[in-house]
Amino acid sequence: MTLNTLLTQLATAPEQIRFADVLATIAANYTYTPQTFTNGSGDDTVTNPAGTNEGSCKLFAFAHLQGLSATQTLACFGEHYRDVLATPTDTNHANIRTFMRHGWAGIHFNGNALQANP
0 MTLNTLLTQL ATAPEQIRFA DVLATIAANY TYTPQTFTNG SGDDTVTNPA GTNEGSCKLF
60 AFAHLQGLSA TQTLACFGEH YRDVLATPTD TNHANIRTFM RHGWAGIHFN GNALQANP
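And the structure:
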């Protein structure tokens with residue numbers, strides 16, 4: 000999937016986005032460097048050491064670089080976000096659930112996770 004195709008799908012059919020397609024688009028357009036990042040605030044914070052939760056790290060870094068809204072960012076998680084919506088009382092997918100509560104104000108990276116490919 001091209002970057003333009005993904006962005007168009009976000010605008011027209013976000014419910015059809017697949018997480019694997021988003022990660023493939025990121026891999027085709029960016030070089031990834033693992034980074035520690037936190038998601039949330041205060042006692043409601045998920046700490047992700049570099050090299051862990053790399054899908055979330057890539058996705059949040061990509062969404063930030065693209066200027067995506069919180070809603071668009073959540074849609075990029077594809078089936079994982081839809082699973083969270085279907086099971087609101089579960090505790091899986093901590094990064095998605097925490098981002099739903101805190102949005103972009105809660106995301107902090109220790110460095111740049113993505114660099115655009117030439």
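Under the numbering used here, the sequence shown is numbered contiguously, ending at residue 117. We put the beta carbon where it would ideally sit given N, CA and C, even for glycine. Treat the numbers as computed from the prediction; the structure is a model and nothing was measured.
{"Item": "Three-state class that DSSP yields for H120 in the structure shown", "Value": "Coverage of the chain is limited to positions 0 through 117, which leaves residue 120 absent and any answer about it impossible."}
{"Item": "For T32, the nearest candidate out of P13, P87, A49 (CA to CA)", "Value": "A49"}
{"Item": "Straight-line gap, W103 to T51 (C-alpha atoms, nearest Å)", "Value": "20 Å"}
{"Item": "Separation of N47 from L5, as counted between CA atoms", "Value": "26 Å"}
{"Item": "Three or more C-beta pairs below 8 Å linking the region 25-42 and the region 93-109", "Value": "yes"}
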